[in-house]
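Read the structure below first, then the notes.
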Amino acid sequence: MLTVKQRKERQVESIELPEAINLLKNQFGQRRIYVKNSEPRMEVQINEILEDNTFMLITDPEFQSSSSLIVYGLLDKYIEFDFIVKEVRGPGYFHCECVAARKAVTGRRDVRFKMNPEDVVATNFKFSKYTLELTGFTIPTGIKVILDQFHSSHTHLGDIVKIDVFSQGDELLDVIKKTGNAVFVEDMANLESYRAPMPEMVDLHEVYGADVKNYMKRNIERGYKSMIICPIIYLDESEKSIPFAYIQVVSMKDKLGIDKLLELKDHAFKLVDRIRDANTVLLPVHQQILDLSRGGAKIKITDENLKKSLIKARGFIFDIVFKLQAPITIYGEIKFTSVDDEGNMYVGVDFAGNSSRKDEMKRYYSMIRPMELEYKKKLMKQMKHKHQ
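Numbering (our numbering), first residue to last: 15 to 402.
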């Protein structure tokens, strides 16, 4: 049996027990149902329906059931049934009572296709050592060291140079973190300089309102001549922007120009590249893809280093390599992880949204399309046989 950790809980709704029993009788008597969290997937058959609405279930003789059993099947939606095992009649033969059921709120988005190991493989797994939180105010020590090193080598940028993570409770820093916009005040003694000089910059009149004059007065008293605050915006594997730190430069002698702002933005980009390089792990191992759909994949993980890394990761970049084809690079968000009795890990990933490059996804869809056409042909043949 699998030990499953669901990252994203499936939205389900309860089914009344009489309806559940009718579904088992009328819909799943000849339909495949499976033991939940079994790997390899273990099929269950309804062998007999007794007069008291209990069921005789048959499965693999080696299956060891406890006092309860959860099975699942597919109609238009995913459905689960909870059984109590009333009696074990023999190896893989159980007398059960259905006590509860539930179905998914939405139907499955895509058809899944079982894949042969020789046809496709997953490789070149890239993921972050540390996850930067948009809501957090602390960062891992390794990234803090990079910020400190950058600060030490760039004190020449102004009379006061500060590089730090966003702290809680500072009104201006809160706005910069929320918007990802920079602050540029060319003349600290000129109230009009506190307005945003261009779009996508912070307007200090909007931040402080009527208190902007007092804010200007405090800056003049400190001897500030000009100031720039530039956010440091990290891009994670899914291309999500995370403003997590900032560079602040204050001049007490000369006015700073737009060219200084552009210089600071360039430094911020280079700093993010340096952090990403230090924070990214690449494991070029080959792992088996068990199934694929337009929107996701299920991957069997046997590499021990990869297992340790994926337990903590939200998602990862990896290559899908179809036989005789160039690699397709995709970002997968982890939906669930599971581990079988032999220690193999199974990871379900979602390709949905804007997390993967559009050109790569087009190539991926071109590989999935023939599978979809073949699947539709099989369905049409099955429908014709039913009507004959």
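The C-beta atom is built at its ideal place from N, Cα and C for all residues, glycine as well.
With H, G and I counted as helix, E and B as strand and the rest as coil, what does DSSP make of residue i?
i: Gln163; result: helix
i: Lys314; result: strand
i: Glu214; result: coil
i: Ser207; result: helix
i: Gly309; result: coil
i: Val125; result: coil
i: Asn293; result: helix
i: Pro355; result: For the record, residue 355 in the displayed sequence is Asp; it is not Pro. In this structure, Asp355 counts as coil in the three-state DSSP scheme.
i: Pro32; result: helix
i: Met385; result: helix
i: Ile234; result: helix
i: Met241; result: strand
i: Val99; result: strand
i: Asp90; result: coil
i: Lys392; result: helix
i: Tyr144; result: coil
i: Asp287; result: helix
i: Ala115; result: strand
i: Ala259; result: strand
i: Ala224; result: helix
i: Gly329; result: strand
i: Gly346; result: strand
i: Ala340; result: coil
i: Asp364; result: strand
i: Leu9; result: Outside the modelled stretch of the chain, which goes from 15 to 402, sits residue 9, for which no answer is possible.
i: Gly104; result: strand
i: Ile157; result: helix
i: Glu62; result: strand
i: Leu278; result: helix
i: Ser80; result: coil
i: Ser380; result: helix
i: His219; result: helix
i: Met56; result: coil
i: Met266; result: coil
i: Met70; result: strand
i: Glu374; result: helix
i: Asn40; result: helix
Below 6 Å CB to CB, which residues in the same chain sit around residue i once its five sequence neighbours on both sides are set aside?
i: Gln302; result: Pro131, Lys314
i: Val197; result: Val216, Ile243
i: Tyr248; result: Leu146, Ile256, Phe258, Val286
i: Asn368; result: Note that Asn368 scores 45 on pLDDT, short of 50, meaning its location in the model is unreliable and no value can be drawn from it.
i: Asp74; result: Met56, Gly106
i: Leu304; result: Lys312, Lys314
i: Gly310; result: Val363, Asp364, Phe365
i: Pro341; result: Asp333, Val335
i: Gly187; result: The amino acid at residue 187 is misidentified as Gly; the sequence shows Leu. Excluding residues within five positions, the ones whose Cβ falls inside 6 Å are Phe180.
i: Arg209; result: Asp217, His219
Among residues of its own chain, excluding the 5 on either side of residue i, which ones have a beta-carbon nearer than 8 Å to its beta-carbon?
i: Leu296; result: Asn138, Phe139, Lys140
i: Glu200; result: Ser207, Pro211, Ser240, Lys269, Leu270, Gly271
i: Tyr144; result: Ile153, Pro154, Gly156, Ile157, Asn293
i: Ser82; result: Asp96, Phe97, Ile98, Val99
i: Tyr379; result: Arg308
i: Tyr48; result: Arg55, Met56, Glu57, Val58, Val85, Tyr86, Gly87
i: Tyr374; result: Before going further, note that residue 374 is Glu rather than Tyr in the sequence given. The answer, listed in chain order, is Ile342, Thr343, Ile344.
i: Glu62; result: Phe69, Met70
i: Leu31; result: Cys112, Val113, Ala114, Ala115
i: Gly223; result: none
Could you check how far apart the C-beta atoms of residue i and residue j are, in whole angstroms? I think they sit under 8 Å.
i: Val125; j: Glu347; result: With 8 Å as the limit, Val125 and Glu347 do not qualify as a contact, their Cβ atoms being about 20 Å apart.
i: Lys267; j: Asp173; result: 7 Å
i: Thr42; j: Ile60; result: According to the sequence provided, residue 42 is Phe. The question's Thr does not apply to it. Sure, about 6 Å apart at Cβ, within 8 Å.
i: Leu71; j: Val58; result: 5 Å
i: Phe127; j: Leu338; result: Phe127 to Leu338, Cβ: 18 Å. No contact.
i: Asp250; j: Ser142; result: 7 Å
i: Val221; j: Val189; result: 5 Å
Going by beta carbon distance, what residues of the same chain come within less than 7 Å of residue i, once the five residues before and after it are set aside?
i: Lys117; result: Val26, Glu27, Ile29, Lys91, Tyr92, Ile93
i: Phe164; result: Ile177, Leu285
i: Thr316; result: Gln301, Asn358
i: Arg45; result: Gly87
i: Asn195; result: Glu214, Met215, Val216
i: Arg288; result: Ile160
i: Ala203; result: Ile234
i: Ile35; result: Asn67, Cys112
Worksheet item: Hey, is the segment 262-271 in contact with the segment 237-246, meaning 3+ C-beta pairs nearer than 8 Å?
Response: At 8 Å Cβ cutoff, the stretches touch.
Practice prompt. Could you tell me whether the segment 137-145 touches the segment 318-338, where touching means 3 or more Cβ pairs closer than 8 Å?
Written response: Flag = yes, the segment 137-145 and the segment 318-338 touch.
Worksheet item: Does the segment 86-106 touch the segment 277-291, meaning 3 or more C-beta pairs lie closer than 8 Å?
Response: Segments in contact, no.
Worksheet entry | Within the segment 166-200, ranges of the alpha helix (DSSP H) (whole runs, at least 4 residues) | Qualifying alpha helix (DSSP H) stretches, in chain order: 185-193.
Worksheet item: Within the chosen definition, does the segment 103-115 reach the segment 54-73 through at least 3 CB pairs nearer than 8 Å?
Response: The segment 103-115 makes contact with the segment 54-73, as at least three CB pairs between them are under 8 Å.
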